[in-house]
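Visitor: Residues in the sequence shown are numbered consecutively from 58, following the numbering used here.
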Amino acid sequence: MMERTTEASPRFKAKLAAVFYLVTILTGVFAAVFGRRIEGLFYAANLIADACYVIATLLLYNIFKPVNRSLSLITALFSLVGCAIGVLSLLRLASSPIHTLVFFGFYCLLIGYLIFRPTFLPRILGAGMVIAGLGWLTFLSPPLGRSLFPYTMVSGIICEGALTLWLLVVGVNEQRWKAQASAAAESQS
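(1) Is it buried or exposed, A75, if we count other Cβ atoms within 10 angstroms and call 16 or more buried?
(2) Have a look at L128, F177, T157 and I188 and flag the residue whose alpha-carbon is nearest the alpha-carbon of L166.
(3) On the criterion of 16 or more Cβ atoms from any shown chain inside 10 Å, does S127 qualify as buried, or is it exposed?
(4) Can you find the residues in the same chain that come closer than 8 Å, C-beta to C-beta, to K72, ignoring five residues on each side of it along the sequence?
(5) Throw me the rounded Cβ distance for the G185 and A133 pair, which I believe falls under 8 Å.
(6) Between G85, K122, A242 and F177, which has its C-alpha nearest L104's C-alpha?
(7) Please report the straight-line C-alpha distance between K235 and G213, rounded to a whole angstrom.
(8) If you follow the alpha helix (DSSP H) that E231 is in, where does it begin and where does it stop?
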(Lines of atoms letter the chains of each structure in order from A and count residues from 1; the text may use other names and numbers.)
(Lines give C-alpha, C1' and ligand atoms only; values in the text may rest on other atoms or scores of the structure.)
Protein backbone atom coordinates (compact mmCIF):
# COMPACT_ATOMS: atom_id res chain seq x y z
CA MET A 1 0.00 0.00 0.00
CA MET A 2 1.40 3.40 -0.99
CA GLU A 3 1.35 6.18 1.53
CA ARG A 4 0.34 9.57 0.25
CA THR A 5 1.90 12.63 1.72
CA THR A 6 0.54 16.01 1.04
CA GLU A 7 2.93 18.86 0.86
CA ALA A 8 1.90 22.47 0.82
CA SER A 9 2.11 24.20 -2.54
CA PRO A 10 5.03 26.57 -3.13
CA ARG A 11 2.56 29.45 -3.41
CA PHE A 12 1.11 28.62 0.02
CA LYS A 13 4.61 28.31 1.53
CA ALA A 14 5.54 31.69 0.02
CA LYS A 15 2.44 33.34 1.44
CA LEU A 16 3.01 31.74 4.84
CA ALA A 17 6.65 32.89 4.79
CA ALA A 18 5.38 36.39 3.98
CA VAL A 19 3.05 36.38 7.00
CA PHE A 20 5.94 35.48 9.31
CA TYR A 21 8.27 37.96 7.55
CA LEU A 22 5.66 40.70 7.96
CA VAL A 23 5.28 39.98 11.68
CA THR A 24 9.09 40.07 11.92
CA ILE A 25 9.25 43.48 10.26
CA LEU A 26 6.39 44.95 12.27
CA THR A 27 7.59 43.70 15.65
CA GLY A 28 11.19 44.65 14.82
CA VAL A 29 10.18 48.20 13.93
CA PHE A 30 7.96 48.37 17.01
CA ALA A 31 10.85 47.26 19.23
CA ALA A 32 13.22 49.77 17.64
CA VAL A 33 10.81 52.71 17.83
CA PHE A 34 8.66 52.14 20.90
CA GLY A 35 10.02 49.17 22.79
CA ARG A 36 12.91 50.90 24.52
CA ARG A 37 10.46 52.86 26.65
CA ILE A 38 9.07 49.69 28.24
CA GLU A 39 11.77 47.08 28.69
CA GLY A 40 9.39 44.09 28.72
CA LEU A 41 7.85 45.15 25.42
CA PHE A 42 11.30 45.50 23.87
CA TYR A 43 12.26 41.94 24.82
CA ALA A 44 8.91 40.46 23.85
CA ALA A 45 8.83 42.19 20.47
CA ASN A 46 12.38 41.10 19.66
CA LEU A 47 11.75 37.49 20.72
CA ILE A 48 8.60 37.38 18.59
CA ALA A 49 10.50 38.91 15.67
CA ASP A 50 13.30 36.33 15.98
CA ALA A 51 10.89 33.40 16.26
CA CYS A 52 8.96 34.57 13.20
CA TYR A 53 12.19 35.16 11.27
CA VAL A 54 13.27 31.57 11.97
CA ILE A 55 9.98 30.26 10.56
CA ALA A 56 10.16 32.58 7.53
CA THR A 57 13.77 31.48 6.95
CA LEU A 58 12.86 27.79 6.97
CA LEU A 59 9.96 28.36 4.59
CA LEU A 60 12.12 30.42 2.23
CA TYR A 61 14.81 27.73 2.37
CA ASN A 62 12.23 25.27 1.03
CA ILE A 63 11.14 27.67 -1.68
CA PHE A 64 14.71 28.33 -2.91
CA LYS A 65 16.03 24.79 -2.43
CA PRO A 66 15.29 23.85 -6.08
CA VAL A 67 17.33 26.86 -7.27
CA ASN A 68 20.49 25.78 -5.46
CA ARG A 69 20.17 23.44 -2.48
CA SER A 70 23.63 24.22 -1.02
CA LEU A 71 23.37 27.98 -1.42
CA SER A 72 19.84 27.97 -0.02
CA LEU A 73 21.12 26.06 3.02
CA ILE A 74 24.05 28.47 3.52
CA THR A 75 21.62 31.37 3.19
CA ALA A 76 19.32 29.88 5.82
CA LEU A 77 22.27 29.24 8.13
CA PHE A 78 23.28 32.92 8.01
CA SER A 79 19.77 33.85 9.10
CA LEU A 80 19.55 31.20 11.81
CA VAL A 81 22.95 32.16 13.26
CA GLY A 82 21.89 35.81 13.26
CA CYS A 83 18.67 34.92 15.07
CA ALA A 84 20.50 32.76 17.62
CA ILE A 85 23.08 35.46 18.36
CA GLY A 86 20.31 38.04 18.57
CA VAL A 87 18.34 36.03 21.12
CA LEU A 88 21.43 35.23 23.19
CA SER A 89 22.44 38.90 23.18
CA LEU A 90 18.91 40.00 24.00
CA LEU A 91 18.76 37.67 26.98
CA ARG A 92 22.25 38.81 27.96
CA LEU A 93 23.56 35.25 27.75
CA ALA A 94 26.21 36.27 25.24
CA SER A 95 27.65 39.37 23.76
CA SER A 96 28.65 39.24 20.14
CA PRO A 97 31.49 41.31 18.70
CA ILE A 98 29.73 41.03 15.32
CA HIS A 99 26.43 42.83 14.99
CA THR A 100 23.58 40.44 14.17
CA LEU A 101 22.58 42.63 11.23
CA VAL A 102 25.76 41.47 9.46
CA PHE A 103 24.34 37.94 9.34
CA PHE A 104 21.03 39.26 8.04
CA GLY A 105 23.00 41.29 5.49
CA PHE A 106 24.55 38.13 4.07
CA TYR A 107 21.13 36.47 4.25
CA CYS A 108 19.43 39.25 2.27
CA LEU A 109 22.30 39.41 -0.22
CA LEU A 110 22.10 35.67 -0.90
CA ILE A 111 18.29 35.63 -1.04
CA GLY A 112 18.58 38.41 -3.61
CA TYR A 113 20.96 36.25 -5.65
CA LEU A 114 18.64 33.25 -5.34
CA ILE A 115 15.75 35.37 -6.64
CA PHE A 116 17.81 36.39 -9.70
CA ARG A 117 18.50 32.81 -10.79
CA PRO A 118 15.02 31.37 -11.46
CA THR A 119 12.02 33.09 -12.98
CA PHE A 120 9.35 32.32 -10.39
CA LEU A 121 9.79 35.74 -8.72
CA PRO A 122 10.43 39.14 -10.31
CA ARG A 123 14.14 39.92 -10.46
CA ILE A 124 13.55 43.46 -9.19
CA LEU A 125 12.76 41.87 -5.81
CA GLY A 126 16.18 40.21 -5.93
CA ALA A 127 17.81 43.56 -6.63
CA GLY A 128 15.97 45.05 -3.67
CA MET A 129 17.15 42.28 -1.37
CA VAL A 130 20.74 42.80 -2.54
CA ILE A 131 20.39 46.51 -1.71
CA ALA A 132 18.97 45.68 1.73
CA GLY A 133 21.77 43.17 2.31
CA LEU A 134 24.46 45.66 1.39
CA GLY A 135 22.90 48.14 3.79
CA TRP A 136 22.94 45.66 6.69
CA LEU A 137 26.53 44.75 5.83
CA THR A 138 27.60 48.29 6.76
CA PHE A 139 27.56 46.91 10.31
CA LEU A 140 30.81 45.12 9.49
CA SER A 141 32.11 48.51 10.63
CA PRO A 142 29.93 49.33 13.66
CA PRO A 143 30.59 53.10 13.54
CA LEU A 144 29.65 53.17 9.84
CA GLY A 145 26.60 50.99 10.47
CA ARG A 146 25.39 53.22 13.29
CA SER A 147 25.88 56.41 11.29
CA LEU A 148 24.02 55.01 8.27
CA PHE A 149 21.36 53.20 10.30
CA PRO A 150 18.44 55.56 9.53
CA TYR A 151 19.04 55.11 5.79
CA THR A 152 19.76 51.42 6.09
CA MET A 153 16.59 50.91 8.11
CA VAL A 154 14.46 52.71 5.50
CA SER A 155 16.00 50.79 2.59
CA GLY A 156 15.68 47.51 4.50
CA ILE A 157 12.02 48.13 5.27
CA ILE A 158 11.27 49.14 1.67
CA CYS A 159 13.21 46.31 0.00
CA GLU A 160 12.36 43.51 2.43
CA GLY A 161 8.83 44.89 2.66
CA ALA A 162 8.46 44.72 -1.13
CA LEU A 163 9.45 41.05 -1.14
CA THR A 164 7.12 40.39 1.78
CA LEU A 165 4.16 42.12 0.12
CA TRP A 166 4.80 40.35 -3.19
CA LEU A 167 4.93 36.96 -1.50
CA LEU A 168 1.84 37.77 0.55
CA VAL A 169 -0.28 39.00 -2.36
CA VAL A 170 1.06 37.00 -5.32
CA GLY A 171 3.25 34.22 -3.93
CA VAL A 172 5.47 32.51 -6.47
CA ASN A 173 4.71 31.55 -10.04
CA GLU A 174 3.87 27.93 -9.29
CA GLN A 175 4.30 26.67 -12.83
CA ARG A 176 7.80 28.15 -13.08
CA TRP A 177 8.68 26.96 -9.57
CA LYS A 178 7.65 23.40 -10.46
CA ALA A 179 9.70 23.57 -13.67
CA GLN A 180 12.71 24.70 -11.60
CA ALA A 181 12.11 21.92 -9.06
CA SER A 182 11.84 19.31 -11.85
CA ALA A 183 15.06 20.54 -13.46
CA ALA A 184 16.82 20.39 -10.08
CA ALA A 185 15.54 16.85 -9.46
CA GLU A 186 16.71 15.72 -12.91
CA SER A 187 20.18 17.17 -12.42
CA GLN A 188 20.54 15.32 -9.10
CA SER A 189 19.64 11.94 -10.58
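Backbone N, C-alpha and C fix where the C-beta goes; we use that ideal spot for every residue, glycine too.
Guide: In this structure, then:
(1) Counting Cβ neighbours within 10 Å, A75 comes out buried, since at least 16 surround it.
(2) I188
(3) exposed
(4) L224, L225 and G228
(5) Not a contact, Cβ separation roughly 19 Å.
(6) G85
(7) 29 Å
(8) Element bounds for E231: E231 to Q245.
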